[in-house]
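See below for the structure under consideration.
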Ligand SMILES: Cc1ncc(C[n+]2csc(CCOP(=O)(O)OP(=O)(O)O)c2C)c(N)n1
Ligand SMILES: Cc1ncc(C[n+]2csc(CCOP(=O)(O)OP(=O)(O)O)c2C)c(N)n1
Ligand code: SF4
Ligand code: SF4
Ligand SMILES: [Mg+2]
Ligand SMILES: [Mg+2]
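Protein chains in written order, with our numbering: chain S, 1 to 348; chain W, 349 to 696; chain Z, 697 to 1324; chain G, 1325 to 1952.
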């Protein structure tokens, strides 16, 4: 019944390839769009995991990113702007045997859909969420989004936005997320690894992908476009490993805690033992939250699994409760329920 | 123009009393409802601060708590379920000279209205939000809410809820809140102090009030009903002071940090210097977030100001931008804009 | 003949037989009037009377104790004949305090009977209700028969030796009133006794207290000199069978579960609480042992989205709400239209616009149901005609939704939802199954290939080889791929419209009474059925013959409706709105339908409808006279 | 006489004068066709032609390069006479690639002229478009006049010595096409040159490149032997004044700012981006120096809520969206109805239902605008008749909103919003001010006391002594307190309805052409105005006289509309939906109006309308014949 099982369970059928997960439709994203890369990795992970396409459903909202389901040879539902989590919730609650994915954008998930996002996370429904964050409204041709940088000039903010960007990972943690990861479209291996981790998590797996939109938002992605930039601007989290980063192997850096606050130090100056060691599975989300607050240019931004803990899922509890109540009351007797506790007879 | 100024600024007019802030309508909350207490304190604070009722607007959604504006002799708007932040946003952006308050409930703010809540907070609009959290839907007569305890039996969860409660303060911090406080309806002095702090904060001031609903949710409030229970189950935060609590003066306790995690210690065993010292104004919200995660029964729940920092407000920036653009382009010339950059003449 | 239920004792005082009685229990919100009314309704129903009830709680939150705003009322009509409404005017008023007396007087019959709790008519309480000190003796109550019963005192006496607290004792006084009224109308108290026993199962002291007080009330009637005689109301003629009392919301919940069972499906119900629809969620959340999945969503949009998702997953999926929630659902209903998924949407209407009168009844969401979406977005709209009919209507809705792969809206209203009537329990084994097929053959499957009834196939995830993508973008005919082709769009718009236009009900699309041609046809829909039917039969008693056509299907309208309308000289559409159905009929059939419209948050009064009919007929005569 | 704009050079080849030309620029999404078309429209407008344009981009995201799905088109009609539509059929097609040729051919006139970028007709591109290798020579293009121009190569040549990269050079080829077409029709290139200079101000190299290519295209026409003659289109007769080209969205934005100025108010515009309404937000966000506050909300509900809040605060408050956003706003519009606050809601309609055809035009949100809320929730509904009329319509909407304290919906559509026409710039100083009063006297102020026009006072926060509470619960008449009183509810429902029913426009509620009585009246509303008008005048040229009534006010309908309709034997309602206005007219006036309905995501074609009119007239004759 759990998605994890159906992910790892091998079917009799022959092993599928990433190609088998592509629908007949040609992907309609701009050349160079990061969505392509996510699409490739997701298919790869699904094929590798031996998932059956017919047991997999991609649900999306509206946006460039939300075209995703059309290009997958699985079941799919391109729903309404912001509403993918709602449709996915009904689907997964009705059919806990299915693997349900939500693909969404920064506008879709965080602007119009913010409430559904936090509620699906709070309920810990066993679905995987891929948030493709290009910090712009792509489909509607370039307005700022809730993740756009303060001051950014866009079609709807010609003099610069005056809104403050939200940090998706922080919001997810604030809503009680059991799994939060972050990755980058251009780092396909890491991206693939994160997607795979999501398939293994029971409960809501939330992955933010830094996604490039070469058409409407060239700048936002500069910090992570190439490997060099990434190693300077990102810190790759690994469970049980100290936080280190840096583009120059001769001058690696690390993160240390000081008075409950992170601090960038040079490895040359500080013993490795002093560095913050990542623990994705600690019970409190406070550490993950602290990491989520590290941002350029003062800090490298953490990518990897920020948090991964276990908590009963809504779908499991739904069916456990049904079982429990059925055990307690016996299976429903329709005639008895129609008649109710208080009835009387009229005879002819 | 700022709400702070108009709050502290004394008008020529005679000083008003809390009574002057009560409308002619009798408050229609159940006897013993915590909403009464909030109402009393708010009026007291406003009167003490010398606020003018005509410059003050209370905006609410729908719920018992949202009846609040009707009982205030200020301007008021009882809007739609969940939508108070939206109406308040338009009002405050149009009229930055007004003091705008949002009064809302746990269902109103966190269920249907969750998205508006996080966005008003993210934008740091200069409004004060009072979230009266009774962990139940009062007005609709007792369904569980997003803050109801897991397992709670209510009208819509006769076999116990299977949803996980959200922590309002954590969500607000995840959305980037500049001011987060928590208080208890029964502790009227603390409540009053928090309300007063809110009036002084520039930007979104978010206050969660633990509010009792004797009619539909008797249990939820037990931990904080009397002074004794409060001193065991709550820790009162004070800026610059170590975190201590306890009902038994002979056996006071404190909070210490261990490996980036809070820990309850007996003051008898641990020197005060080792205790966590509260800092509401530290730049990163990580500490406040960690505090927000402390919950009964393992920890005392923190009340007081979790976070209070400064960040430009949406209303200020809106008008600064208007000023800047007016400076740059000159004041708008309607005829010129109608004619546009590209026009031609047809003569008779 | 009644085989269950016993008749309470007391043979002493003389009895007057009556045909029908309308009684109203009124008191402060804390006085337990809803419970009292509900128990008395049970007693009457079990005794074989026909009944119709109207719970009536005015304000949203508890209003100040003792004030007019705080009055809670429960009205019911019980009779030895067919009863269709809770009654326009009150025969008997039980008033627990001055405020209750005050607000109820307006609807009391000139020669009505009043029973008051005399103890509450003290200076303080009278002042709160803004009534004069001598109100029980003064001109106010002239013409009425007044019984002053010191209920508070008698209740306290009754429990004196039980050691219950004063407050708890006081809470029992509604049982005194109930006992007394049961005596007065010779209704059995057995069901109430049983109720008390189970309700306070864990507090034996309260069981005893309540039973004692109930008995004391009954005994008081028999022994006190105040009451000289009592009344009896015979059993109403009812067709044989098992009966229960049912409210519209209970019936709607049962209709949905029954539909799921008949379709061999599990039920998914996604909803967000809202008055007066919440009880459907409450009822269903108790039926987990039927495999029912209830999902209390974060808002109505999410409730609708989840319903659509569950339908995609292959469940029988339904949601319920009231007007404001319908507004929020409208975009998502549009997606269901485009995706052609079977969903049932119950709208329990309340007073609008906006938050309006949330605890009052109204019929003003018809336009919204039919037209309240962007684009050409047709859905099926049905309307329940009585509390019990909410069962049939939701069941019918599920049948249609599945058969045609289409969203179906069921309109109920606050009056139907909370009002109760005796309901003949259907024999479940005789209900027709709902056929469901899910395609499985990849060779022949096309997501938007239609059958003769224009329904597309319901392929569900998990089926090998049938992977396909749904969505809100226009679909290509047959393949279901996204299509921007102009001609295809027109084709699809017309196909969706044709599908809905061609929907056939299993049950009746309209209820008819009276001759099929004549001078005047009264048309109604929804919760006004009982009132119109009663008005029409009252006029028949006066020798005035008019026909009554009550619509259960509103979109599409019954196929023969146009024909039927044309056989009458005049059409009068009776509605609890400003004429929403009337506009539809005028548009569709170009018939010059007149309207009788009342929009006061109350069920329409029989008397008002009868008057409107008389006036319409008179007008017509005058007009004819003028023409001659 | 034209006083600005110069006529491009080239005196050599002979000229053929034409009255009207419909040209379509089509290419891949990356080919810059929208820009090319826009610039050519400017040139024509500046040269004194009347124009109407139709940008036409089919898919939501960039489709695969070179495919049919990726084609972007821009069609315009320019003429020496009045022009009302972008043309049904194309006279001249400029096709930058095979896919563009393929999708555009269907609308090309049998003897049409085609200019192709020959260089793109290689095997790869032809394959992508699924066209035969010999397509330019084969039967496909028989009958057309084909010009094969190696644009890619000529463009590269033109910039060869500028050192621009190959990719950037290639991007200029639309300027070649533009230069050539300007030559062909003798339109000035000055405005384009200026545009290039300002657009690439920061990249002088690109300025030069584009100018060179533009010139090269122009020169090519003159010098290449391919073109033997060119065409001229005289100025269209226009009343004197200052003109500009304007799209509907630009006009709507300007109308709102102008209204604010005329009311002595600041404008608040709260919106959430959605195609095709986003440009209103973009336009207004550039006008901060007018004190305009733009608020990009988190969703449409928030946009509407903020608009209501700003109106409460005393701003002129407006929002704009399209169908799905309207659905989301509906609950909040209901609150504005109850609170009786002045808000303007612009709905730029697109293809529905659901996400539908988001970049296509349609008129299917009329029902939603009028009926799409729960309860009796009347709002004023206006419809703009042309791009420029979006200015008048939003201005009128603001006038009404403020005067009557009521929400006003303005219906625009994708075609009006994005299409352009020459617009006579109004003299702002002559526009009538919008009177606004805010009460200040506590002694006389009552929140819901109405004036003769039933408007309540607009008291704004900050006013001493006028503190009051608004909300969605039913209001007591005059005082505005919460009221559950049944009679008051009915009164208020009817008052709100009466207020809207009594609304009077300052401008015309309908546009009329033709005699005021006769055989057939064609009724339309919104963006079909130009097409109907053209069809009607085309028929007039054929000697067929029909009248045309175009509604700008839809709720309330113009007071004399019923009278007007009755003067015709037959009424034909032309709409881009399945008959939404038609239903209203039938209901209201009991007139047996027929409908001509097309719902293909495209503006209605003149030819189709003319045909429908002819058929209606024919039918009538047949029917009469049959009756005799
Ligand atoms: C109710 C509604 N409002 C607005 C829109 C218009 N809309 C479509 S996608 C989108 C934003 C997309 O941004 P994002 O989610 O970041 O996706 P991206 O295109 O950047 O991948 C908007 C505003 C819509 N389709 N529906
Ligand atoms: C759109 C809409 N959906 C549902 C409702 C019904 N409703 C009114 S208040 C409420 C919940 C109130 O809970 P909360 O915000 O916690 O307030 P409380 O009454 O507990 O103070 C609900 C569901 C409504 N009025 N509008
Ligand atoms: S607009 Fe941006 S996000 Fe959308 S497909 Fe193009 S590159 Fe990707
Ligand atoms: S129901 Fe609860 S929250 Fe509502 S007024 Fe009563 S006690 Fe207060
Ligand atoms: Mg985006
Ligand atoms: Mg609550």
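The beta carbon of each residue, even a glycine, is placed where N, CA and C say it ideally should be.
Do the CB positions of residue i and residue j come within less than 8 Å of each other?
| i | j | result |
| --- | --- | --- |
| residue 1509/G | residue 1555/G | yes |
| residue 1665/G | residue 1619/G | no |
| residue 1274/Z | residue 1293/Z | yes |
For residue i, which of helix, strand or coil comes out of DSSP?
| i | result |
| --- | --- |
| residue 242/S | strand |
| residue 1553/G | coil |
| residue 1853/G | helix |
| residue 1366/G | helix |
| residue 1326/Z | Shown here, chain Z extends from 697 to 1324; a query on residue 1326/Z therefore has no answer. |
| residue 328/S | helix |
| residue 263/S | strand |
| residue 254/S | strand |
| residue 3/S | Because the pLDDT at residue 3/S is just 38, under 50, the model does not fix this residue reliably, and the point stays unresolved. |
Using only the alpha-carbon positions, how far apart do residue i and residue j sit?
| i | j | result |
| --- | --- | --- |
| residue 1104/Z | residue 445/W | 49 Å |
| residue 598/W | residue 614/W | 10 Å |
| residue 70/S | residue 76/S | 7 Å |
| residue 213/S | residue 1608/G | 25 Å |
| residue 1310/Z | residue 347/S | 39 Å |
| residue 254/S | residue 246/S | 8 Å |
| residue 187/S | residue 132/S | 14 Å |
| residue 1747/G | residue 1709/G | 13 Å |
Proximal residues, the segment 949-969 of chain Z versus chain W, C-beta separation under 8 Å: 968 and 969
Selection of the segment 162-190 of chain S by Cβ proximity to chain W, strictly under 7 Å: 162, 163, 164, 166, 170, 171, 173, 174, 175 and 176
Chain-ordered residues of the segment 130-162 of chain S with a beta carbon less than 8 Å from chain A: Considering every chain present, this structure includes no chain A. Its protein chains are S, W, Z and G.
Interface positions of the segment 624-649 of chain W facing chain S (Cβ-Cβ less than 7 Å), listed along the chain: 632, 633, 634, 635, 637, 638 and 641
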